[in-house]
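A quick write-up on the structure given underneath.
In full-length UniProt numbering, the protein residues as written are 1 to 383.
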């Protein structure tokens, strides 16, 4: 997962996107670039926004005829190979076709796409997502949260691939992808403290970004998308501080979406983050509902090491970095990565002299100091 950096004031790209003679006030997004703006006004793409993935597949749309969550051929094969997951077994620990869900398998280069009997139509995909997010999976006590997430994330990835291969109407596509995003955001927060061997945060971040990209492509197709403002706001919060990419894309949205309460709140938080107005940032963040709060929770916020060293009156950047590492914090490119799951309160620290707080104030001799303390003036030395 990419880390957000605190900007040193307003980014230059913001000024580039403003027409002469007008400046955006705090909390107010600058207007989009003028029509026909050249490459200087076109930011790099958000990672995952245009890469070929299970969210974007080449070739003509494919028909989908499978009426089950798992195609019969795959179920028989995995049952024969004893590769059914524990969450796909019934109460008697026997293979249950009503619980089996198609696993993800990316077609190799040059390989023919799956036949229609292996592709699930949108209604089945939506029912599959409901099953994966339902109580039978979410509350299964026989698996750990990390194992459950790995299972659900893999099956949701297969859902996205089936969706991309058949390219259904935009409203159906969005309905499925919105629910996929809800789970991925929720799971990413719940498992952020897991060891890397149990939860791959980098892979999870990649799936989130690809799902955001696929959903926003669906939003660009003509259809009614009542939840679009909310998910566009989630997109901005998840890409907090990534300028000019995410913000520039949001500013291209229509006025009715950009001025919605969800996006106005997300933009206000975004500006406070970029301006390093931390009091306002956290005041606004406290007001966010449950789901939007998940959007920016994933960010590993970076704080300038030099600024932290100044606030703590530490003599050198090296000493400040040592202090951060002793408490489990990572220092990257002169910035401290604050991640609450890695912070250690009890750390073994070495006592060191302090030039800023103590030694830098030393003048003269110890005798001079003792007399100054008592307000006495030393007699002149006899010649």
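Quick reminder that beta carbons are idealized off the backbone N, C-alpha and C, glycines included.
Open item on the list: Can you tell me whether residue 289 is helix, strand or coil according to DSSP?
Closed with: Taking the chain shown and counting its residues from 1, one reaches residue 289 at position 289. Three-state result, residue 289: coil.
Open item on the list: For residue 337, report the span of its beta strand (DSSP E) as first-last.
Closed with: Indexing the chain shown from 1 puts residue 337 at position 337. Looking at the DSSP string, the run of the beta strand (DSSP E) that includes residue 337 is 335-338.
Task: Where residue 128 falls: helix, strand or coil (DSSP) - done: Mapped onto the chain shown, residue 128 falls at position 128. Under the three-state reduction of DSSP, residue 128 is assigned to helix.
TODO: Please state whether DSSP places residue 315 in a helix, a strand or coil.
DONE: As a first step, residue 315 must be located in the chain shown, where it is residue number 315. If DSSP states are grouped into helix, strand and coil, residue 315 belongs with coil.
Task: Inter-residue spacing [alpha-carbon to alpha-carbon] between residue 288 and residue 109 - done: Position 288 of the chain shown holds residue 288. Position 109 of the chain shown holds residue 109. Looking at the two C-alpha atoms, the distance is approximately 44 Å.
TODO: Please work out which residues of its chain come closer than 6 Å, Cβ to Cβ, to residue 132, disregarding the five sequence neighbours upstream and downstream, and give them in chain order.
DONE: Counted from its first residue, the chain shown places residue 132 at position 132. Its chain contains 152 and 155 as the residues whose beta carbon lies nearer than 6 Å to that of residue 132, once the 5 sequence neighbours on both sides are disregarded; these appear in chain order.
Task: Whether residue 391 touches residue 266 by CB criterion (7 Å) - done: The requested residue 391 is not part of the displayed model; the chain covers only 1 to 383.
- [ ] Buried or exposed for residue 282, please, with buried defined as at least 16 other CB atoms from any protein chain shown within 10 angstroms of its CB.
- [x] Along the chain shown, read from residue 1 onward, the residue named residue 282 stands at position 282. Counting every other CB atom within 10 Å of its CB across the protein chains shown gives residue 282 a total below 16, marking it as exposed.
Task: Extent of the continuous beta strand (DSSP E) run through residue 259 - done: Here residue 259 is taken as the residue at index 259 of the chain shown, counted from 1. Neither: residue 259 is in no beta strand (DSSP E) and is coded neither H nor E.
TODO: Count the CB pairs spanning the stretch 197-204 and the stretch 174-188 that are closer than 8 Å, and state whether there are at least three.
DONE: In the pairwise beta carbon analysis, the stretch 197-204 is classified as touching the stretch 174-188: at least three pairs are separated by under 8 Å.
Open item on the list: Assuming contact is defined by CB atoms lying nearer than 7 Å, are residue 78 and residue 87 in contact in what I supplied?
Closed with: Stepping through the chain shown from its first residue, residue 78 is reached at position 78. Stepping through the chain shown from its first residue, residue 87 is reached at position 87. No, Cβ-Cβ distance for residue 78 and residue 87 is not below 7 Å.
TODO: Check whether the stretch 117-130 touches the stretch 65-78, counting contact only when three or more Cβ pairs, one atom from each stretch, lie closer than 8 Å.
DONE: Touching, yes, given that three or more Cβ pairs across the two stretches are closer than 8 Å.
Open item on the list: Using only the alpha-carbon positions, how far apart do residue 180 and residue 98 sit?
Closed with: Along the chain shown, one-based indexing puts residue 180 at 180. Along the chain shown, one-based indexing puts residue 98 at 98. Straight-line spacing of the CA atoms in residue 180 and residue 98 works out to 20 Å.
TODO: Kindly list the residues whose CB is nearer than 6 Å to the CB of residue 227, restricted to its own chain and excluding five residues on each side of it in sequence; keep chain order.
DONE: As a working note, residue 227 is residue 227 in the chain shown. Setting aside the 5 residues that flank it on each side, residue 227 is surrounded in the same chain by 178, each with a C-beta closer than 6 Å to its C-beta; the list follows chain order.
Task: Buried or exposed by the 16-neighbour rule on C-beta atoms within 10 Å, applied to residue 392 - done: Nothing about residue 392 can be reported from this structure: the residues present for the chain run from 1 to 383 only.
Task: For residue 332, the residue or residues it bridges with in DSSP - done: For this step, residue 332 is matched to residue 332 along the chain shown. The partner list for residue 332 (beta bridge, DSSP) reads 335.
Open item on the list: Looking only at its chain, what residues have a beta carbon closer than 7 Å to the beta carbon of residue 309, apart from the 5 residues adjacent to it on each side?
Closed with: As a first step, residue 309 must be located in the chain shown, where it is residue number 309. Correct list, in chain order: 317 and 320.
TODO: Could you pull the start and end residues of the alpha helix (DSSP H) that residue 173 belongs to?
DONE: Looking up residue 173 in the chain shown gives position 173. For residue 173, the uninterrupted alpha helix (DSSP H) segment begins and ends at 170-190.
TODO: With DSSP as the reference, please indicate the residues paired to residue 89 in a beta bridge.
DONE: Here residue 89 corresponds to residue number 89 of the chain shown, with the count starting at 1. Note: residue 89 is bridge-paired with 95 in the DSSP secondary-structure output.
TODO: Look at residue 218 and residue 174 and say whether their C-beta atoms are less than 7 Å apart.
DONE: Along the chain shown, one-based indexing puts residue 218 at 218. Along the chain shown, one-based indexing puts residue 174 at 174. Yes, these two residues count as a Cβ contact at 7 Å.
Task: For residue 183 and residue 324, the rounded distance between their alpha carbons - done: Position 324 of the chain shown, counting from 1, holds the residue named residue 324. Position 183 of the chain shown, counting from 1, holds the residue named residue 183. Rounded to the nearest whole angstrom, the CA to CA distance from residue 324 to residue 183 is 33 Å.
TODO: Enumerate in chain order the residues of its own chain whose CB-to-CB distance from residue 170 is below 6 Å, with the five nearest sequence positions on each side excluded.
DONE: Sequence index remark: in the chain shown, residue 170 carries index 170 (1-based). Within the same chain, and ignoring the five residues on either side of residue 170 in sequence, the residues whose Cβ sits closer than 6 Å to its Cβ are 218, 221 and 223.
Task: Identified DSSP bridge partners for residue 238 - done: As a position in the chain shown, residue 238 is number 238, starting the count at 1. None, per the DSSP bridge assignment.
Open item on the list: Give me, in chain order, the residues of the same chain whose beta-carbon lies closer than 7 Å to that of residue 140; leave out the 5 immediate sequence neighbours on both sides.
Closed with: Stepping through the chain shown from its first residue, residue 140 is reached at position 140. Excluding positions up to five away in sequence, the list reads 87 and 148.
Task: Contacts around residue 105, its chain only, beta-carbon distance under 7 Å, and the 5 residues preceding and following it disregarded - done: Here residue 105 refers to the residue found at position 105 of the chain shown. If we look at residue 105 and ignore the five residues flanking it on each side, it has no Cβ neighbours.
Task: N- and C-terminal bounds of the alpha helix (DSSP H) containing residue 252 - done: Numbered from its first residue, the chain shown carries residue 252 at position 252. In the DSSP assignment, residue 252 falls outside any alpha helix (DSSP H) and carries neither an H nor an E.
TODO: Please confirm whether residue 303 and residue 336 have their CB atoms less than 7 Å apart.
DONE: Within the chain shown, the letter at position 303 stands for residue 303. Within the chain shown, the letter at position 336 stands for residue 336. Taking C-beta atoms as the reference points, residue 303 and residue 336 count as a pair closer than 7 Å.
Task: CB contact flag (residue 338, residue 327, <7 Å) - done: Mapped onto the chain shown, residue 338 falls at position 338. Mapped onto the chain shown, residue 327 falls at position 327. No, these two residues do not count as a Cβ contact at 7 Å.
Open item on the list: In the DSSP assignment, the alpha helix (DSSP H) including residue 201 goes from what residue to what residue?
Closed with: Working through the chain shown from its first residue, we reach residue 201 at position 201. From DSSP, the alpha helix (DSSP H) with residue 201 extends over 201-219.
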